């Protein structure tokens, strides 16, 4: 135990003093901030938005169409004219409210016609103009557009079979947050485990391993290295989550259309809608589950990566052992993406109990669906057992691999070490 504490303390100090660690941590904070704020940044520097339009047509057509276009905030009319010039140019759009497009309304044969002159052709299709269907029906039937719109509305009520979320918006937000946490888990395991692998390979190739093994138990060395890496990764991911938590409420305000709240800078109402939306979509127990599965998953992969690194004699050989151990991480990440959509699919439920896949898949299910308590407990037990088994196997391989140079140990030697 004393040897373990020595290794743990030394590894923690070494990693915390490492420039690479702080570069990756601060870089991750910056990347997360950019990902959250990017939509608002590009919107602020953009001179035109596809939702800002110039509306052209007779006064009657414009009067009937404007409320329909703006009712759902699909469009914002920045200019209204009787007719467009013969040749609509980007300069014309720029002079008239930096519009993203010009819409010309006309009636031909009793039917509504829309001529669109967009800056970005991909931003406009038939779906974009469903708001004007009541006007088109009104022109062909002679009814008032307001009456057509009122009669076209359908009373709708969504009754979810899984009552984890109160509405579709909360469910969508929960999936977005879950994806972000899964990506952090994936990134932290990949970066952290590979740093453990690189450190082990460096010690072996520089012959420092011989001195360490001579004075310390191989198991204590392995445990100290991997647990220190897990603690450092825990701090790293904590900073990333804190950054996202600080910036996400404002992003949710913008995404949910709370424009008024977003515009009142400095008031408590600015962050309130975003906070309320996040709180309603994310159970605090989900964050606790994430931290638990993160630690368990990290220890599983770190131990195996360290054992694999002990088998190489040169750092150039790391690539040959990295590929086999990275495949489960990538597979788990992709299965988790499927679990976001089908959390109760048989294959997803089965994978939530499979070692090395479970940290990703079991957490994803908890984040987006109601999971029976016994399944959660079983998944945690599977992960705890996997950590114990991983350290047992990795410790045996590590003890043999760190003292062998030249040709990597054969399968027979590894099996003999496991039996010993």
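Numbering (my numbering), first residue to last: 34 to 453. The beta carbon of each residue, even a glycine, is placed where N, CA and C say it ideally should be. Everything numeric in this text was worked out from a predicted model, so none of it was measured.
Helix, strand or coil for residue i, going by three-state DSSP, please let me know.
i: residue 388; result: coil
i: residue 402; result: coil
i: residue 87; result: strand
i: residue 188; result: coil
i: residue 345; result: coil
i: residue 135; result: strand
i: residue 145; result: strand
i: residue 234; result: helix
i: residue 229; result: helix
i: residue 150; result: strand
i: residue 240; result: coil
i: residue 121; result: coil
i: residue 207; result: helix
i: residue 301; result: With a pLDDT of 39 at residue 301, under the threshold of 50, the predicted position of this residue should be treated as unreliable, though the coordinate-derived value follows. Reduced to three states, the DSSP call for residue 301 is coil.
i: residue 340; result: helix
i: residue 109; result: strand
Using a threshold of 9 angstroms, state whether the C-beta atoms of residue i and residue j are closer than that.
i: residue 343; j: residue 435; result: yes
i: residue 107; j: residue 133; result: no
i: residue 254; j: residue 424; result: no
i: residue 419; j: residue 345; result: no
i: residue 380; j: residue 415; result: no
i: residue 44; j: residue 262; result: yes
i: residue 333; j: residue 251; result: no
i: residue 331; j: residue 267; result: yes
i: residue 222; j: residue 321; result: no
i: residue 172; j: residue 145; result: yes
i: residue 213; j: residue 277; result: yes
i: residue 208; j: residue 373; result: yes
i: residue 167; j: residue 101; result: yes
i: residue 115; j: residue 151; result: no
i: residue 406; j: residue 197; result: no
i: residue 249; j: residue 39; result: yes
i: residue 396; j: residue 215; result: yes
Measure the alpha-carbon distance for residue i versus residue j and round it to whole angstroms.
i: residue 113; j: residue 88; result: 5 angstroms
i: residue 201; j: residue 211; result: 15 angstroms
i: residue 301; j: residue 217; result: In this prediction, residue 301 has a pLDDT of 39, which is less than 50 and means its spatial position is unreliable; nothing more can be read from the coordinates.
i: residue 273; j: residue 68; result: 12 angstroms
i: residue 275; j: residue 138; result: 49 angstroms
i: residue 404; j: residue 398; result: 7 angstroms
i: residue 140; j: residue 65; result: 49 angstroms
i: residue 400; j: residue 203; result: 12 angstroms
i: residue 103; j: residue 109; result: 6 angstroms
i: residue 181; j: residue 117; result: 28 angstroms
i: residue 62; j: residue 52; result: 15 angstroms
i: residue 355; j: residue 48; result: 21 angstroms
i: residue 84; j: residue 260; result: 52 angstroms
i: residue 169; j: residue 122; result: 28 angstroms
i: residue 347; j: residue 241; result: 13 angstroms
i: residue 235; j: residue 280; result: 39 angstroms
i: residue 269; j: residue 231; result: 19 angstroms
i: residue 323; j: residue 357; result: 25 angstroms
i: residue 178; j: residue 186; result: 13 angstroms
i: residue 377; j: residue 98; result: 45 angstroms
i: residue 375; j: residue 382; result: 10 angstroms
i: residue 143; j: residue 367; result: 52 angstroms
i: residue 429; j: residue 385; result: 27 angstroms
i: residue 341; j: residue 359; result: 11 angstroms
i: residue 128; j: residue 184; result: 39 angstroms
i: residue 271; j: residue 163; result: 45 angstroms
i: residue 50; j: residue 189; result: 58 angstroms
i: residue 124; j: residue 227; result: 53 angstroms
i: residue 319; j: residue 422; result: 26 angstroms
i: residue 96; j: residue 86; result: 15 angstroms
Could you round the C-beta distance between residue i and residue j to whole angstroms and report it? I think they count as a contact, below 8 angstroms.
i: residue 37; j: residue 265; result: So it is not a contact: roughly 16 angstroms between Cβ atoms.
i: residue 369; j: residue 328; result: Not confirmed; about 17 angstroms, so no contact.
i: residue 149; j: residue 130; result: Their Cβ separation, rounded to whole angstroms, is 16 angstroms, which puts residue 149 and residue 130 out of contact at 8 angstroms.
i: residue 339; j: residue 433; result: With a Cβ gap of about 13 angstroms, residue 339 and residue 433 do not count as contacting.
i: residue 41; j: residue 225; result: About 15 angstroms; that fails the 8 angstroms criterion.
i: residue 147; j: residue 165; result: 7 angstroms
i: residue 413; j: residue 325; result: 7 angstroms
i: residue 365; j: residue 390; result: 4 angstroms
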